[in-house]
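Visitor:
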Amino acid sequence: MRSFADKEREFLNSSEECRIATSHDDLPHVKPVSYIFENDIFYIATDYDTRMYKNCKSNPKAALTIDIYKHGGHEAVLVQGDVKIVENGEEFSKIFKKFQEKFEWVRNDPWNENEGPFIVITPFTKTSWGLK
């Protein structure tokens, strides 16, 4: 697992949206998602019928880009990591509670164990640029 510098952590904790890249059959798939970043690990909610979930199930690697584009002042963090799928149990409950606290959309439409998994990404590479 890679550790992050303080300025990277501050940047990552200031956002709630990233783009996740997964793949299947050598075809990339990128989409925006909400995330929680804690203890240098990323947590993402998904549904069972998504391409992202299916890709993570068959190829447990993913990349994330968290960025703010400003002309002449692009700030970003890019990570690549191992994927773990969490569907139930104590770990699911802990992650769900964090999502419920942070996101109104979770409070408005909660789900139970085995109704929607979490994608947990532990980075093995990372790079950042433009952070102030």
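Numbering follows the numbering used here, in which position 87 of the sequence shown is assigned residue number 138; successive positions increment by one, without gaps.
Just so you know, even glycine gets a beta-carbon here, dropped at the ideal spot from N, CA and C.
Please read all numbers here as calculations on a predicted model, not as lab measurements.
(1) Thinking just about the alpha-carbon of each residue, which of Thr101, Asn110, Ile117 and Arg53 is nearest to the one in Trp180?
(2) Report the three-state DSSP secondary structure of Trp180 (helix, strand or coil).
(3) Where does Asp118 sit, in a helix, a strand or coil, going by DSSP?
(4) If we count Cβ pairs, one from each stretch, closer than 8 Å, do we get three or more for the region 97 to 111 versus the region 69 to 76?
(5) Would you mind working out which of Phe93, Glu126 and Lys58 sits nearest Lys135, comparing C-alpha positions?
(6) Could you check the C-alpha separation between Gly124 and Asn165 for me, to the nearest Å?
Guide: Looking at the coordinates:
(1) The shortest Cα separation from Trp180 among Thr101, Asn110, Ile117 and Arg53 belongs to Ile117.
(2) Trp180: strand per DSSP, three-state reduction.
(3) Correct three-state label for Asp118: strand.
(4) Remark: three or more beta-carbon pairs, one from each stretch, lie closer than 8 Å, so the region 97 to 111 and the region 69 to 76 are flagged as touching.
(5) Of Phe93, Glu126 and Lys58, the residue nearest in Cα terms is Phe93.
(6) A straight-line Cα-Cα distance of about 42 Å links Gly124 and Asn165.
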